[in-house]
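So the sequences go chain by chain: G and B.
If you're matching positions, the first sequence starts at 0 in numbering that gives the first Met the number 0 and goes up one per residue.
If you're matching positions, the second sequence starts at 0 in numbering that gives the first Met the number 0 and goes up one per residue.
Glycine residues also receive a C-beta, built at the ideal position from the N, C-alpha and C atoms.
Quantities reported herein were computed from a predicted structural model and do not represent experimental measurements.
Reading through the C-alpha cells given below for one structure.
Number of protein chains: 2
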Amino acid sequence: MFAEERRAAIVEILKGGNSVYVAELCKKFGVSEATIRRDLAVLERMRLLKRTHGGAVPTTFGLESSFEEKRVQNLDLKAMIGRAAASLVNDDETILLDAGTTTLQIALNLRGRRITVATNCIDVANAFIDDPAVEVWLLGGILRKKPRSLVGFLANEALNALHFDKVFLAANAVHVKLGATTPNMLEAETKRRMLMAGEEKILVSDHSKLGLGGICRICDLEELDLLITDIYADRGMASEIERKIKVLYAGEGGAIA
Amino acid sequence: MFAEERRAAIVEILKGGNSVYVAELCKKFGVSEATIRRDLAVLERMRLLKRTHGGAVPTTFGLESSFEEKRVQNLDLKAMIGRAAASLVNDDETILLDAGTTTLQIALNLRGRRITVATNCIDVANAFIDDPAVEVWLLGGILRKKPRSLVGFLANEALNALHFDKVFLAANAVHVKLGATTPNMLEAETKRRMLMAGEEKILVSDHSKLGLGGICRICDLEELDLLITDIYADRGMASEIERKIKVLYAGEGGAIA
DNA sequence: TTATAAGATGCATAAACGAGCAAAATCAAT
DNA sequence: ATTGATTTTGCTCGTTTATGCATCTTATAA
C-alpha cells in the first residue's frame, strides 16, 4: 500500500464522522506511529483533518471545530447497512437520503455512481462535494446544529415539489407497534414528507434501535416497503417485525433477506 | 507490444480503482523500471493517473481534489469588507447572505449576534454551526461543487416565500454600465431572486472586481442601495460608481463613506 | 505538582527516482 | 538491403523519499 493510498484511507475513515487514534491506524495499516503522525501532519496541512492528542478528528470545515467527538455508535454495523442499502440503488435513479449517521454511510457507498441524490443533511451533501458523477440537491430549511439536518417549512415545501425513485429514511427508534419514531417534532414532520416524496420507502436502522419507542411517530411499519438492519437483530423481535414489513439483514458478506 | 498499447493497458488496470506498483508492471510487460516510469510520467501528464512512490494510483482518488484549496485572493481586504458589512446589521434582524468568500467573511463577523441568517452557501451555514445565537436557514437547491453554493429551482422557490431586512450580495464583476455580473446563469437568476427578497440591497465586492464585466447580468447598480468595497478602489472609477449608488470603503480602521 | 502517554526531531537505511548516455529498435527514404 | 535519423529502451549513479528507531520535549490527567 502506498502512502497516498493510506492517507486517502485515513481521510475516508474520518469522512464517516469518526475520530481515529494513532495506535488504531498503526495497527490497521501495519506501520509505525511515526509514519501515521507524518500522514496526519500532511493531511492536516491539506485541511483534510484536525490533529488531536492521540489521533485526529474530521475538519468541520470552517473554524475551530466544535466537534464534540462522541464516536458514532455501531459504526461498522452502519457501514454494512450503508453498503447493503447502496447496492439497491440503480444507475440514473433519483435518491432521497435522510439525515443521520447511517444514511451518511449510504452516501459514502454511493460515491461515483451516476445518480441524483437529494438530502436534508449537509454532511451527506458534503460526502459528494468532490464527486463529479453525483448530482446533489440540498433541501432547504432551518439548520439543526446538532444533527446538522435541515427541517421545517422550506424542506417540507421543497419535498412537495419533488419525487424520487427511492427514499432512505433513518429513525431513532423502530417498534413493532409504535412504528418509526424520532424525538423531534420538526424532524418527524419533515421525515413524513420525505416518505411521501419517495416511490420506494426504505428504513435503515441498526439493531440497537429495534424495539425502542420515541416521542414523535413518523409512520407505521406497514407504510414502508423495506427495513434494512443488521444481522445482530434479536430474532424474536425480527420475526415480529417481518410480519409487518420486508426486512434485510446486512452482514459482513452482504445482505440476507 | 508497442508503448502505446502498454500505456493503454496500464490505464486499464487503474480504471478498476486499483493501484499498481512499478515492479508489478515491469514483470507484467517484461520491460525495465525506467520504461515503466517513463510511461507513468507520460500518463500523469495526461492526467490519466497519479504517480506515487513505487507506482501509481487512479486520479479519481479523492485527495487531490480536496487539496486544491486555492487560496482566497485579497483575503485581508475581504475580511475588512466583512467587518464593515457586519457592523450594519442590527440585533433581531433577518439577513440573507449570498455565496462567496466575501460574504463568508461577513458571516464570520456575525457570529454570536442575535439574528437570523439565511444563505445559499453551505460554508456560510457552517460558519454558524457551533453558534447557538444565530438561527440559520439554508436555501435548498442544486449543489454547485466548486463555489459550494445552492442554486436553481428550489432556491428560487424558497426565496419567493421569504423576506429579509438586509440582503448582502456578492458579484464576480461590478461595472458602472453593465452593473453587477456573474459567469453562471443559474447563479445570476438566484442572485436576482435574492435581491427581490431583501428590503435593503447591499453589494459587497473588493476593489479588484470593480470595472470588470461578466456574462450574466444580475442587476444595474441603481437597483441596489449600497456597495461596500475597500479603500484601494480606483478613485476615478469610484466617483463614477458613486453617481449611481452609495458606496462604503472598508479599511483597516473601519469604513468610510 | 508529578507521572505517563503522545509528539517532535534527528538520524540511518533501503527502496525508489531522475538524468544522462549508450544500445537497440523502428522508420523513411534510397 | 542499406543508410541515417528518430524513437524507444535499459543501465548507471547520484539524489530523493518513505519509513522506523532512539532520544528529547510537550501535553494530558491524576
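Host alpha helix (DSSP H) of residue i (start-end)
i: K35 (chain G); result: In the sequence under discussion, the amino acid at residue 35 (chain G) is Ile, which differs from the Lys named in the question. Start and end: 32 to 44.
i: D75 (chain G); result: 74 to 86
i: K14 (chain G); result: 2 to 14
i: D122 (chain B); result: 121 to 126
i: E186 (chain B); result: 184 to 195
i: R50 (chain G); result: Looking at the DSSP string, R50 (chain G) is not in any alpha helix (DSSP H); the run it does join, the beta strand (DSSP E), is 49 to 51.
i: A22 (chain B); result: 21 to 28
i: L103 (chain B); result: 100 to 107
Alpha-carbon spacing of residue i relative to residue j, whole angstroms
i: W136 (chain G); j: P182 (chain G); result: 26 Å
i: E134 (chain B); j: L109 (chain B); result: 11 Å
i: T101 (chain G); j: L194 (chain G); result: 17 Å
i: A8 (chain B); j: R5 (chain G); result: 25 Å
i: I94 (chain B); j: D122 (chain G); result: 24 Å
i: S148 (chain G); j: T180 (chain B); result: 32 Å
i: R82 (chain B); j: I217 (chain B); result: 24 Å
i: S204 (chain G); j: R242 (chain G); result: 17 Å
i: N171 (chain G); j: T228 (chain G); result: 13 Å
i: I156 (chain G); j: D97 (chain B); result: Correcting the residue type first, residue 156 (chain G) is Glu in the shown sequence and not Ile. Their backbone Cα atoms lie some 21 Å apart in a straight line.
i: A132 (chain B); j: M184 (chain G); result: 21 Å
i: K200 (chain G); j: L225 (chain G); result: 7 Å
i: K27 (chain G); j: I244 (chain G); result: 38 Å
i: F1 (chain B); j: D38 (chain B); result: 12 Å
i: F127 (chain G); j: G213 (chain G); result: 31 Å
i: M45 (chain B); j: G235 (chain G); result: 58 Å
i: R112 (chain G); j: K14 (chain G); result: 18 Å
i: V41 (chain G); j: P57 (chain G); result: 14 Å
i: E239 (chain B); j: L247 (chain B); result: 14 Å
i: G252 (chain G); j: I230 (chain G); result: 11 Å
i: A261 (chain B); j: Q72 (chain B); result: No statement about residue 261 (chain B) is possible, as the shown extent of chain B runs from 0 to 256 and does not include it.
i: A154 (chain B); j: L220 (chain B); result: 23 Å
i: H206 (chain G); j: N159 (chain B); result: 43 Å
i: R192 (chain B); j: S86 (chain G); result: 39 Å
i: K69 (chain G); j: G99 (chain G); result: Annotation note: pLDDT 48 at K69 (chain G) (below 50); position unreliable, no value reported.
i: L24 (chain G); j: L76 (chain G); result: 19 Å
i: E3 (chain B); j: L47 (chain B); result: 14 Å
i: L107 (chain G); j: C120 (chain B); result: 22 Å
i: E92 (chain B); j: D130 (chain G); result: 37 Å
i: H52 (chain G); j: H52 (chain B); result: 29 Å
C-beta contact flag for residue i and residue j at 8 Å
i: L168 (chain B); j: K145 (chain B); result: no
i: V166 (chain G); j: A196 (chain G); result: yes
i: V21 (chain B); j: E32 (chain B); result: yes
i: G210 (chain G); j: H174 (chain G); result: yes
i: L223 (chain G); j: L202 (chain G); result: yes
i: L142 (chain G); j: T118 (chain G); result: no
i: A103 (chain G); j: N17 (chain G); result: Residue identity check: residue 103 (chain G) is Leu in the sequence provided, not Ala. No, the Cβ-Cβ distance between L103 (chain G) and N17 (chain G) is not below 8 Å.
i: D164 (chain G); j: E198 (chain G); result: yes
i: A249 (chain G); j: I114 (chain G); result: no
i: V30 (chain G); j: G54 (chain G); result: no
i: R50 (chain G); j: E43 (chain G); result: yes
i: K124 (chain B); j: I105 (chain B); result: A small fix is needed here, since residue 124 (chain B) is Ala in this sequence, not Lys. Against a cut-off of 8 Å, the Cβ pair of I105 (chain B) and A124 (chain B) comes out as no contact.
i: C215 (chain B); j: A187 (chain B); result: yes
Limits of the unbroken beta strand (DSSP E) element including residue i
i: S148 (chain B); result: 148 to 150
i: I217 (chain G); result: 215 to 218
i: I94 (chain B); result: 93 to 96
i: G54 (chain B); result: 54 to 56
i: V116 (chain G); result: 115 to 118
beta-carbon residue i near the ligand PLP non-hydrogen atom, thresh 7 Å
i: H206 (chain G); result: What this structure holds is no ligand at all, so the ligand PLP is not there to describe.
- Message: Against chain B, which members of the region 23 to 51 of chain G pass a CB distance test of less than 7 Å?
- Response: M45, R46, L47
- Return the chain-ordered ranges of every alpha helix (DSSP H) run that is complete within the region 131 to 181 of chain B and spans a minimum of 4 residues. 152 to 159
- Message: Which complete beta strand (DSSP E) runs does the region 227 to 256 of chain G hold, if anything under 3 residues is left out?
- Response: 246 to 249
- Below 9 Å between beta carbons is the criterion; list the residues of the region 114 to 144 of chain B that meet it against any residue of chain G, in chain order. A117, N119, I121, D122, A124, N125, A126, F127, I128, D129, D130, P131, E134, V135, W136, L137, L138, G139, G140, I141, L142, K144
- Near-chain B residues of the region 76 to 92 of chain G (beta-carbon distance less than 7 Å), N- to C-terminal order: none
- Just by C-beta distance, which residues in the region 157 to 174 of chain G are closer than 9 Å to chain B? A157, A160, L161
- When Cβ atoms are compared, which residues of the region 9 to 21 of chain B fall closer than 9 Å to chain G? G16, S18, Y20
- Item | Contact residues within the region 189 to 212 of chain B, judged by C-beta distance below 9 Å to chain G | none
- Task: Please list the residues of the region 233 to 254 of chain G that have a C-beta atom closer than 9 Å to any C-beta atom in chain B, keeping them in chain order.
- Result: none
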